[in-house]
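Note that the working numbering has the sequence shown beginning at 418, numbered continuously upward. Working notes, beginning with the structure itself.
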Amino acid sequence: QVPLVESGGGLVQPGGSLRLSCAASRSIFFSLRTMGWYRQAPGKERELVADITTTGRITYADSVKGRFTISRDNAKDTVYLQMNNLKPEDTAVYYCNQRPPLGIYWGQGTQVTVSS
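Written out as structure tokens, the structure reads:
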């Protein structure tokens, strides 16, 4: 069973919005974990975009503050990333994982492309 499955990516114009979802299998005990969204752009290192603790404390990378919102629904074992006012530099493959990330939890990710 795949631990984490990301969805919701796509092609969007600058200034547009997307909502990413990450569904966790019951095997990872989702509600007990700090969850994060990460992204990797071509030729760059994977970076943390946002994370949310079990108590709802949230942190964001400076590059997305005020534009992205992370949330979680423990009843659905799902973490979300609402992305508004997207910029071309947000283009990347987006992944979810716990924080700190666990290697075996990396999934396929979901591609986000911001282009006119």
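Ideal placement from N, C-alpha and C gives every residue a C-beta, glycine not left out.
Open item on the list: With a threshold of 6 Å on Cβ separation, who are the neighbours of Val510 within its own chain once the five nearest residues in sequence on each side are excluded?
Closed with: In the sequence shown, residue 510 corresponds to position 93, counting from 1. Excluding residues within five positions, the ones whose Cβ falls inside 6 Å are Gln457, Gly526, Gln528.
Open item on the list: Run through the DSSP bridge pairs and tell me what Tyr511 is partnered with.
Closed with: Taking the sequence shown and counting its residues from 1, the one referred to as residue 511 is at position 94. Arg456, Thr527, per the DSSP bridge assignment.
- [ ] Return helix, strand or coil for Glu462, following the three-state DSSP convention.
- [x] Counting from 1 along the sequence shown, the entry for residue 462 is found at position 45. Glu462 falls in the coil class under three-state DSSP.
- [ ] Please classify Leu449: does DSSP put it in a helix, a strand, or coil?
- [x] As a working note, residue 449 is residue 32 in the sequence shown. Helix.
Open item on the list: Let me make sure I understand the geometry here. Which of Met452, Glu423, Leu435 has the alpha-carbon closest to that of Phe485?
Closed with: On the sequence shown, residue 485 is found 68 positions in, with the first residue counted as 1. It is Leu435.
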